[in-house]
Every structure is written in C-alpha cells, then in structure tokens.
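Residue numbers (my numbering): 33 to 339. Even glycine gets a Cβ: it sits at the ideal position worked out from N, Cα and C. Owing to the predicted nature of the structure, the values given are computational and were not obtained by experimental measurement.
Here's what the structure looks like:
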C-alpha cells in the first residue's frame, strides 16, 4: 500500500528575520583609541616644555638677549605712527619697524611684546635722555645765577660742572686767591658758604640722590699732629653736606659722604696745586646712561708743504 507524502507548503518554509537592536551606553566610547592620541600629544608638549626650561637654565644672559633680538627684528627702530592697508602685512614690508610695546601691559599695533631687558631697549634710552636733559638744565641754572649775582660773579671760576656716567658732578675748587675752608680745618668760610648756598638752591627740588666727596692736596700735616688728609677731607665733606641741608636740600637725599684725601687729584702733575683742594657734589643718575657706540670720523689729510 502506497502512502502519498503531502506536499510542502512554501509559505511555511520561510524563516522569520529577527532584528536585534543594541543601545550602547555613553561610556562605551571611552574604550576606543582616541584618548591615546590625546595623551601622546600631552606628553610630547610637556617634554618640549621641560626641554625649553632646561635650555633657558643653561643659557647665559647674553645669549638670551640675542634670542630676544632675533625674535624681535624691529627692536632697533620704532616708528611713532605706523599705518597700512588690510593686506597680509598691513601695507608694510616684513622688515619695517613698528611701534611695538616695550613694557608689559602696554598696547601696540602688533601682538608682540619686546622683553624689557633686551639690549637696545627704547624705554630706558628715552628715560636716560630725559634725565640728562634735566641735569643739563640744573647746570645751566647754576651758571645763570653765578653770572647774574654780583656777589658770585667773581667765584664763577671756582666751580666746574660736567656730565659723567655717575651723574652731574659739581666741583667747588679752591684757588690761589680763594679758599673754601680755613687752613687745616673744616670751617667753611663766608664766600664758600655763598657758593654752596647757590648750588643748594638749584638742586633742592631735584629728585636725585647726592654724593659729597672731599679732596685735599698732597701737602702733608706736620709730624705729631693728629689730623691728616684723610680725616680732613672727610670732615670737609660732612661740613658741606650740613651746609647743603641747611640751605634746603633734604637730608634723605644724601647717599654717601666720602673723603678721599689726595688720591684723586684734579691736577695729577701738580699734587700741591690749591685747585686739588675741592668738594665734589654729584647728583646721581636714576637711570644709567647707555653706552654710546664709537663714532667714525672720516677726514682727508692734506699734507703741509714746507715753505
């Protein structure tokens, strides 16, 4: 007996498709490799930073100034008012100077700050020039007073003024017919007091500190005397300081009182000359005077023919 196999239903043989939807948590992204790249960049930056610190620590001041000048090519010149277009370089060439700031906190036309202690800084040079102008004005004022006061006109030759790296030096010198102090003492004579008062009137309002130095000639004291040129020069410097203070110069402005005896003669070839006996009053500079580069002078030399 033969049994017939029922025919399969094609619709029953199709398997269902199951779609599984997986929702990942927010922290799952951290398990990737992006953080490794960021960490490697951080370590590289830190290594470069510490290498830079080490190099700066191993470099002296002169080389650091050279590096500052290299990255500040416009340090030498500074234009007061620069302007340009909206082009790539603002209308300037790459070597043009600009009014960059020279001190932290100031603004400029470029986002660049020149180190304050770099060589050739413009701010210090301007301050030194302004202070020199003030010291020259004091010098001129003293000269005018000596020329206009009949009592002081005859003493004009006893004062010498000059601008030095230390400041304005005012030398009050003795002479053949003029003595500032009684012989061998620190007693200030009336004419010398008038000269000191004139100097005091012109320097009283200046902010500079003051050094007073006493000088003597090389004539020694007699054997057996307690006084010597060292003691005498110091005593005369102190007496002059006291006279300046009484004439209106603030006591806090005196920074040093010195006696150098005959060790710094005005006339080295004539150690006994009375002009070596002097008082030097120095108004100290607040800003050091910059060193000036050597000036080249070219001249044609014309030979002189014998007559």
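Mind checking residue i: buried by the 16 CB within 10 Å criterion, or exposed?
i: residue 252; result: exposed
i: residue 297; result: buried
i: residue 172; result: exposed
i: residue 79; result: exposed
i: residue 109; result: Unreliable placement is indicated for residue 109, whose pLDDT of 45 sits below 50; the coordinate value is still reported in the next sentence. Label assigned to residue 109: exposed.
i: residue 295; result: exposed
i: residue 82; result: exposed
i: residue 213; result: buried
i: residue 84; result: exposed
i: residue 309; result: buried
i: residue 181; result: exposed
i: residue 246; result: buried
i: residue 261; result: buried
Taking Cβ to Cβ, would you say residue i is nearer than 8 Å to residue j?
i: residue 281; j: residue 242; result: yes
i: residue 314; j: residue 199; result: yes
i: residue 160; j: residue 268; result: no
i: residue 193; j: residue 174; result: yes
i: residue 270; j: residue 230; result: no
i: residue 170; j: residue 234; result: yes
i: residue 236; j: residue 304; result: no
i: residue 201; j: residue 164; result: no
i: residue 156; j: residue 319; result: yes
i: residue 216; j: residue 263; result: no
To the nearest angstrom, how far is it from the Cα of residue i to the Cα of residue j?
i: residue 210; j: residue 191; result: 11 Å
i: residue 344; j: residue 292; result: Since the first residue of the chain shown is 33 and the last is 339, residue 344 is not available in this structure.
i: residue 76; j: residue 46; result: 60 Å
i: residue 166; j: residue 186; result: 26 Å
i: residue 72; j: residue 317; result: 54 Å
i: residue 312; j: residue 99; result: 43 Å
i: residue 183; j: residue 101; result: 56 Å
i: residue 307; j: residue 239; result: 30 Å
i: residue 257; j: residue 92; result: 55 Å
i: residue 279; j: residue 203; result: 18 Å
i: residue 232; j: residue 87; result: 53 Å
i: residue 220; j: residue 299; result: 23 Å
i: residue 188; j: residue 228; result: 12 Å
i: residue 97; j: residue 286; result: 35 Å
i: residue 284; j: residue 301; result: 37 Å
i: residue 162; j: residue 179; result: 26 Å
i: residue 66; j: residue 95; result: 41 Å
Kindly identify the DSSP beta-bridge partner or partners of residue i.
i: residue 194; result: 201
i: residue 83; result: Note: residue 83 sits in no beta bridge, so no partner.
i: residue 314; result: 201, 243
i: residue 290; result: 245
i: residue 220; result: 213
i: residue 207; result: 210
### Query
Between the region 270-289 and the region 221-231, do three or more beta carbon pairs fall short of 8 Å?
The region 221-231 and the region 270-289 touch, with three or more beta-carbon pairs separated by less than 8 Å.
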